[in-house]
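For reference, the structure discussed in these notes is given below.
Okay, here's the thing in C-alpha cells:
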C-alpha cells in the first residue's frame, strides 16, 4: 500500500518502527481505525483496507458493491447490507435492519409492524412462516408446512406424521374444505322420482 508510513515510537532509538497505515501519526497498534476510513477496527471487516469512497450502508467496513479494484485489494461485497442477519438475496428490506422485530420465516419482513416500523418504510409480513398460506387463513401461522401437502390451503397438513406432530401441528380432518370430516366421505344421495 502506497500510503504506508513508518513512525518511530519515542524512546525506541529508531530500532522499532511501527506501521501507521493511514498516516495520521498514530501507530496502528494504538490507532482505533488503522486504515482511516471512518470505521473503527473492532467493527471493520477489513481494518487494514480503506473503503476509499465505496458505499458502506451498514458501516461494517465491507462495501455494498465491490468492483475489480476492490476485489484486487482483498475486499468482498457485503451480502447483508443492513446487518440484520438476513442475507440481501432473502431480505424483503435489504437496507432496513429488523432491529428487535420478530421475523419468523427469515425473509427480512417483520411479523408485526409498529408505527416506528411503518415510518422506516417497512410493512408487516402477511405470511409469517413463509409457507405460502396467508396468516389470516393459516391454522398454524408460525409453523411452516414445509413439504407437507395442504389441499385446501388452510395451513393444516392433509397428513401429519410424528415429525409433523412434533412441530405442534395436527392432521386436517377436512382436507377438501367441504365442511365435512374426510372420514365420512361423500354423501350419497338417491332420488326417487315417482310421478
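Residue numbers (the numbering used here): 1 to 195. For each residue, glycine too, the CB sits at the ideal point set by N, CA and C. Note that the structure is a prediction, hence the values are computed from the model and not measured.
Label residue i either buried or exposed according to how many other C-beta atoms from any shown protein chain fall within 10 Å of its C-beta, with 16 as the threshold for buried.
{"i": "residue 32", "result": "exposed"}
{"i": "residue 141", "result": "buried"}
{"i": "residue 144", "result": "buried"}
{"i": "residue 39", "result": "buried"}
{"i": "residue 97", "result": "buried"}
According to DSSP, is residue i part of a helix, a strand, or is it coil?
{"i": "residue 199", "result": "Outside the modelled stretch of the chain, which goes from 1 to 195, sits residue 199, for which no answer is possible."}
{"i": "residue 12", "result": "Here the model assigns residue 12 a pLDDT of 44, short of 50, so the residue's position is not dependable and the matter cannot be decided."}
{"i": "residue 105", "result": "coil"}
{"i": "residue 178", "result": "coil"}
{"i": "residue 29", "result": "coil"}
{"i": "residue 162", "result": "helix"}
{"i": "residue 69", "result": "helix"}
{"i": "residue 56", "result": "coil"}
Output needed for residue i: all residues of its chain with C-beta closer than 8 Å, excluding positions within five of it in sequence on either side, in chain order.
{"i": "residue 50", "result": "22, 35, 36, 37"}
{"i": "residue 102", "result": "110, 111, 112"}
{"i": "residue 81", "result": "57, 58, 64, 88, 94, 95"}
Can you give me the Cβ contacts of residue i inside the same chain, cut-off strictly under 6 Å, excluding the 5 residues immediately before and after it?
{"i": "residue 44", "result": "61"}
{"i": "residue 155", "result": "133, 138, 139, 140"}
{"i": "residue 19", "result": "28"}
{"i": "residue 170", "result": "160"}
{"i": "residue 26", "result": "none"}
Counting only beta-carbon atoms, is residue i nearer than 7 Å to chain D?
{"i": "residue 121", "result": "Given the protein chain composition of this structure (a single chain), no chain D is represented."}
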